[in-house]
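This report refers to the structure that appears directly beneath it.
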Amino acid sequence: MRRRHLRLIMSNVVSSIGHTLGGVGLGLRWDFLEEVVDGPTLPIDFFEVSPENYMRRGGYYPEQLERLLGRYPLVTHGLTLSIGAIAEPDPQYLRELRLEIARTHSPFHSDHLCFSSAGQRSLHELLPLQQSRENVGRVAERARRMSDVLGVPFALENITYYVHPGRAELPELDFLMGVLDASDAGLLLDVNNVYVNSVNHGFDARAFIAALDLRRVVEIHVAGHSRKASGLVLDTHGAPVADPVLELLSHTLSLSGPRPVLLERDNDVPELSELVREVQKLRDVYDASMLRFDAARD
Amino acid sequence: MQQGIEDVFADWVLGPAPSRDRLAGLCEKHGIGADDAAALSESFERLTVYRELVRGNLREALQLAIPRSIARLGPLFDEYFDRFLAEQAPRSHYLRDVTPELLAFAGPLWQDDARVPAYLHELARHESLHIEVSALPSLPRDHVPAPLSLEQGVELSAALRLVQYRHAVHELSADEADRTLPSERAVSLLVYRSPAHEVRYLELTKLARRIVERLLLGDSLGGAVRQAATAEGSALSEAVLAGAAKLLADLAERGVVRGPRHIADESRTTESGQSGTNAPAKRPPS
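In order, the protein sequence lines correspond to chains A and B.
Terminal number for the first sequence in my numbering: 434, no gaps in between.
Terminal number for the second sequence in my numbering: 532, no gaps in between.
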């Protein structure tokens, strides 16, 4: 049963207009949107879009995004669903999100396994859920409904957390896989988040990756991080991807096989040419990992 | 349990300065058990990271939207920022909504605070209109231009706001360090998005403002001019008609006038608060 469903998830990596999501992509940011839209075709396999930046609005940005359709495959990655909050997601937001997903022909939609609101208060940050059995059931039930609500398969991303809210009933791995198994959602595996959490909470990142059901992975994220004087590592998306994260990406791909990989950069965004070079670096890691994956299968 | 955790986190990041006592008080207030409260207390330093992240994101969005107002308010802005977070908090999914949310909260308070200059709320509103108008929904592009007629309404761009100020805040320098006071005079301003997506500002005469106001409410062109003239105590003279024609030609050139519309069409929003197709859906950010 699970195998059949997982095949369904992966087959949907082809969008409704026939774009295949694969290779190495880049998070689309306003800093370089114009350059991407007006410039020559870049060696970037797809772009990931934060739908909240384009939905429920008119003007320049949605028009530019419209111009990008057809040139590159797009995939949507939300920020404010707050799937783990007690309050049900805002139905108006979900309706608008569904329209935006359809408009971009995204083959699936993802958001974060977290909460970002408290009742009516919107906190605009990804906050950690208590790793409890109760939350597994509650969040999974909601995640299971998302594919129907949004009109495309739904995936959850593992977040960075600096604090576990209270005593953890389950390890992060069991919590994450529990939600995914019970909801049949895909996994957007953020390798940088695994690395950051492994440093901050003292576990083996490679073992964590190896223990995941990697068949669930529909996309992989990588990004840069920084370290505070206290030693705490912050998921800043404000620096190039660090070598240990590249190594972890390689380890992941050699186990998972081909999956779309995405570079995220949200702060201190450099020139587009520099990001293109970093995408190429990731592609080199990707290609080498695929050789190892294929060799292991032979 | 999740409800309690949400409330503790929200009060922690949005409320008064952090302390261990305050954290313990929040856990007790929101029904967090002793074990979980102890675990949170052990993570006190890391919990403050979330406070920095949340407040930093919101502060950054406001700084982007109303930098001159923040600079002129100085430390007073932080006082109201703290009050907004603690007493109201953002509600929208969209970060771009945080500024109007803060202004809706702080506006009435600023009016009663002698430390806040009388023009400040208008300046902040004026600054925030740039992002607001740049993001207003567009009308479909299938419009076919046609001559206007007095019997029909006028289709105006959806991406506009008609505002009135008591101070000429729109004339102030864009320099954040500038502290020049705005002149005190009534201003009617049409803030609109051009077809090239640039936010532009057009100061209107009283008569022009009334005409646009009536057109936004769905009056026919003839009715709008007639009512505007009456409201201004003017006869429907050649001069008034010529002025109206000049206004409409100017607005058409700016892409604000799209052509004729049936007067039964839905009306639009003006700053005075009538509901209509121009009103942004509520709630909140990015």
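Built from N, CA and C at the ideal position, the CB exists for glycine as well.
For clarity, every value in this text was computed on a predicted model and none was experimentally measured.
Which listed residue (the options) has its alpha carbon closest to that of residue i
i	options	result
Leu236(B)	Ala442(B), Ser384(B), Gln309(B), Leu408(B)	The first residue shown for chain B is 247 and the last is 532, placing residue 236(B) beyond what the model contains.
Gly322(A)	Asp340(A), Glu202(A), His213(A)	His213(A)
Gly183(A)	Leu384(A), Glu355(A), Asp284(A), Pro376(A)	Per the sequence shown, the amino acid found at residue 183(A) is Phe instead of Gly. Taking only the C-alpha atoms, the option nearest Phe183(A) is Glu355(A).
Tyr422(A)	Arg395(A), Asp402(A), Ser409(A), Asp404(A)	Arg395(A)
Ser384(B)	Leu331(B), His443(B), Gln410(B)	His443(B)
Ser334(A)	Leu350(A), Tyr208(A), Leu370(A), Glu171(A)	Leu370(A)
Val91(A)	Leu217(A), Asp420(A), Phe311(A)	Since the first residue shown for chain A is 137 and the last is 434, residue 91(A) is missing from the structure and cannot be characterised.
Tyr326(B)	Pro262(B), Ala284(B), Ser289(B)	Pro262(B)
Asp421(B)	Ala454(B), Tyr438(B), Arg314(B), Glu449(B)	Arg314(B)
Ile345(A)	Asp320(A), Ala365(A), Leu233(A), Met313(A)	Met313(A)
Leu402(B)	Phe351(B), Glu459(B), Val259(B)	Glu459(B)
Val315(A)	Phe290(A), Asn328(A), Phe339(A)	Phe290(A)
Cys250(A)	Leu265(A), Asp167(A), Leu210(A), His260(A)	Leu265(A)
Val445(B)	Val471(B), Ala332(B), Ala404(B), Phe323(B)	Ala404(B)
Ala498(B)	Gln410(B), Ala317(B), Ala392(B)	Ala392(B)
Leu272(B)	Asp257(B), Ala477(B), His339(B)	Asp257(B)
Leu350(A)	Pro198(A), Ser392(A), Glu199(A)	Ser392(A)
Tyr208(A)	Leu263(A), Val405(A), Thr240(A)	Thr240(A)
Phe339(A)	Ala432(A), Asp174(A), Ser283(A), Pro307(A)	Pro307(A)
Arg274(A)	Asp226(A), Ala221(A), Asp404(A), Leu162(A)	Ala221(A)
Pro441(B)	Ile180(A), Ser186(A), Gly195(A)	Gly195(A)
Cα-Cα separation between residue i and residue j, rounded to whole angstroms
i	j	result
Leu292(A)	Val299(A)	20 angstroms
Arg413(A)	Arg428(A)	23 angstroms
Ala375(A)	Arg165(A)	15 angstroms
Asp317(A)	Leu309(A)	12 angstroms
Ile219(A)	Val254(B)	18 angstroms
Val486(B)	Glu368(B)	30 angstroms
Glu417(B)	Pro428(B)	7 angstroms
Arg342(A)	Asp379(A)	14 angstroms
Arg193(A)	Gln309(B)	21 angstroms
Gly360(A)	Lys417(A)	14 angstroms
Pro176(A)	Arg456(B)	48 angstroms
His373(A)	Leu408(A)	15 angstroms
Arg361(B)	Ala223(A)	39 angstroms
Leu493(B)	Leu448(B)	11 angstroms
Arg292(B)	Ala285(B)	12 angstroms
Met137(A)	Asp320(A)	Because the pLDDT at Met137(A) is just 38, under 50, the model does not fix this residue reliably, and the point stays unresolved.
Leu201(A)	Ala238(A)	13 angstroms
Leu328(A)	Tyr297(A)	First, the amino acid is wrong: residue 328(A) is Asn here, not Leu. C-alpha separation (whole angstroms): 12 angstroms.
Arg303(A)	Leu348(B)	36 angstroms
Leu325(A)	Pro225(A)	23 angstroms
In DSSP terms, what residue i is bridged to
i	result
Tyr411(B)	Val433(B)
Ser258(A)	Ser253(A)
Arg507(B)	Gly399(B)
His248(A)	Glu293(A)
Val110(A)	No answer is possible for residue 110(A): the residues shown for chain A start at 137 and end at 434.
Tyr447(B)	Val437(B)
Leu162(A)	Phe183(A), Leu399(A)
Residue i, buried or exposed, once every other Cβ within 10 Å from all chains shown has been counted against 16
i	result
Arg425(B)	exposed
Thr156(A)	exposed
Ala423(B)	exposed
Pro321(B)	exposed
Ala475(B)	buried
Gly464(B)	buried
Glu430(B)	exposed
Leu144(A)	Reliability of the predicted coordinates at Leu144(A) is poor, the pLDDT of 40 falling under 50, and no value is obtained from them.
Arg504(B)	buried
Asp420(A)	exposed
Glu252(B)	buried
Ser532(B)	Residue placement at Ser532(B) is flagged as unreliable, the pLDDT there being 36, under the threshold of 50; a coordinate-derived value is accordingly withheld.
Leu396(B)	exposed
Gly159(A)	buried
Phe290(B)	exposed
Three-state secondary structure assigned by DSSP to residue i
i	result
Glu355(A)	strand
Asp226(A)	coil
Ser380(B)	helix
Val288(A)	coil
Tyr197(A)	helix
Leu325(A)	strand
Thr372(A)	coil
His387(A)	helix
Tyr296(B)	helix
Asn363(A)	Checking the displayed sequence, the identity of residue 363(A) turns out to be Arg instead of Asn. Here Arg363(A) sits in strand by DSSP.
Gly220(A)	coil
Thr156(A)	strand
Leu263(A)	strand
Heavy atom of the ligand MN within 6 angstroms of residue i beta-carbon
i	result
Leu286(B)	The ligand MN is not part of the structure shown, which contains no ligands of any sort.
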